[in-house]
Structures are given as C-alpha cells and as structure tokens.
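One structure below.
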Amino acid sequence: MSEARPAMQGKKKYHHGDLREQLLEAVRVLIERHGADAFSVAEACRLAGVSSAAPYKHFADRSDILRGVVLLAMDRMRRAMQATAEAYPARDPRRIAALGQSYVDFARTEPGIFRTMFGLTEGHEDDAELTRAGDETCAIVEQVVADHLGLAPSDPEAKLRAYALWCFVHGHSFLCLDSKLPRDMSSIDEAALLRTVGDAMLPPDPR
C-alpha cells in the first residue's frame with residue numbers, strides 16, 4: 001500500500017491545480033488506509049496541509065471528491081493496460097495473459113481504490129466522463145481480442161470474448177482481495193491460470 005508523498009507533510013505554496021491534485025492524493029492514501037466509507041474530508045485536508053474550506057473550491061461535495069479519485073485511478077489502470085498491450089505483437093498469446101495480469105496487479109496494488117472504482121455506482125450511468133473512462137478501458141481489451149481473432153473490435157464475437165475475459169480477471173481479482181480462493185488454490189500459479197483462460201477463450205490458431 002503506497003503512502004502520501006512527502007510534500008503533504010508540510011505547508012506548500014500551490015500553483016493553479018496543485019491543491020486539487022494534492023487533495024485527491026491525500027484521499028487516495030486514506031482510502032487505502034481506511035476504505036472509501038471511513039475516510040473524512042477533514043482528515044484529508046490535514047494530510048494534504050490545506051484548510052477545511054479548500055476542497056470546496058474544486059469539488060461540490062464528498063461524493064464529487066471520490067469521483068475525482070476514481071477518475072484518476074481509472075486513468076492509471078487504463079495506461080497500465082495499454083502499456084501491457086503494446087509490449088506484445090498481435091496474436092501473441094502472452095499478450096492476453098499479460099493484459100489480465102496487469103488488471104489483477106492493479107487490484108492488488110490499490111485494493112481500496114479498486115473497490116471504490118466498482119462501488120461508486122450512484123449516478124454512474126448518467127456521468128459521461130466516468131462512462132467514457134470505463135469505455136476506454138474496455139476498448140483496450142476488445143482491441144487486443146479483435147487483433148488476436150483477426151476481427152474488427154466492433155465485431156460481436158470480439159466483444160463477447162473480451163467481456164468473458166474481463167469477467168474472469170475481474171472476478172479473480174475480487175476473490176484474491178477478499179481471500180476467497182478455494183483452499184487448494186491458495187498457492188495457484190497465477191500466470192499459468194491466466195494463460196489457460198486466455199487459450200480457452202482465444203485459441204492459438206484463430207479463424
């Protein structure tokens with residue numbers, strides 16, 4: 001679990017936009033420590049070294065602050081997945097497994113944020129920015145699958161298999177975080193598991 005940057009420990013002269021980012025980083029740290037339901041805005045202000053009124057120059061309320069944290073997290077996860085996808089050529093089976101691993105790794109590295117990302121549901125369907133961020137992440141999986149199958153990302157078959165792969169790695173991520181893996185799978189070879197799922201969903205010699 002990562003902690004706040006040293007800059008938070010003292011007063012700082014902020015440039016435009018710095019205060020907002022510093023506050024979001026403080027909230028991220030507190031979510032990892034206590035969970036999204038347990039942190040307080042006042043505690044985040046103390047950690048960021050700002051006044052209790054400062055957040056409301058940038059955010060409407062506590063929910064809006066959480067939204068800002070989630071948007072940054074979604075961008076971090078998307079960039080990590082994109083970098084993984086670009087590290088392998090199309091149709092390389094390692095690309096599928098590595099993409100899944102990057103998702104699971106993000107969940108393990110930022111478990112509190114990962115839970116918050118998928119627990120922030122109120123009004124989510126009406127939030128164009130959150131929806132777009134989610135769609136951009138899904139598009140990476142769809143593109144990798146489509147490349148492997150030699151299809152367009154919009155092809156129903158590519159979308160179906162991409163969704164099936166996402167369901168697996170998402171479920172596996174939460175089972176790991178919740179310590180709910182079956183006892184005889186506690187020492188599972190995760191790389192082998194992801195390769196097995198990738199091979200099952202995307203055969204080595206696609207049509």
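Residue numbering for the sequence shown follows the UniProt record's numbering, starting at 1 and increasing by one per position. Glycine included, C-beta positions come from ideal geometry on N, C-alpha and C.
| Asked | Found |
| --- | --- |
| What are the boundary residues of the alpha helix (DSSP H) that includes Gly100? | 93 to 109 |
| Alpha carbon to alpha carbon, how far is His58 from Glu32? Give it in angstroms, no decimals. | 22 angstroms |
| Note down the Cα distance separating Gln82 from Glu136, rounded to an integer number of angstroms. | 10 angstroms |
| Do you know whose CA, among Phe106, Gly35, Arg95, lies nearest Asp147's CA? | Arg95 |
| Compare the Cα-Cα distances from Gln101 to each of Met77, Arg91, Ile113, Gly119 and report the closest residue. | Met77 |
| Specify, as a first and last residue, the run of the alpha helix (DSSP H) that Asp199 falls within. | 190 to 201 |
| Cα separation between Cys45 and Glu25? | 11 angstroms |
| For the alpha helix (DSSP H) holding Ala53, just list the boundary residues, first then last. | First-last for Ala53: undefined, no H or E at that position. |
| Does the Cβ-Cβ distance between Thr116 and Val70 come in under 8 angstroms? | yes |
| May I have the straight-line CA-CA distance separating residue 256 from His172, to the nearest angstrom? | This structure does not reach residue 256, given that the chain is present from 1 up to 207, and the question cannot be answered. |
| Under three-state DSSP, which class holds Asp178? | coil |
| For Phe59, which three-state DSSP category applies? | coil |
| Between the Cα of Ala133 and the Cα atoms of Glu86, Leu72, Ser187, Glu142, which residue gives the shortest distance? | Leu72 |
| Can you give me the Cβ contacts of Gly35 inside the same chain, cut-off strictly under 7 angstroms, excluding the 5 residues immediately before and after it? | Gly112 |
| Which residue's Cα is closest to the Cα of Pro203: Pro153, Leu165, Arg79? | Leu165 |
| My output table needs one value for Ala152: the three-state DSSP class, helix, strand or coil. | coil |
| Which residue marks the beginning of the alpha helix (DSSP H) containing Asp18, and which one marks its end? | 18 to 34 |
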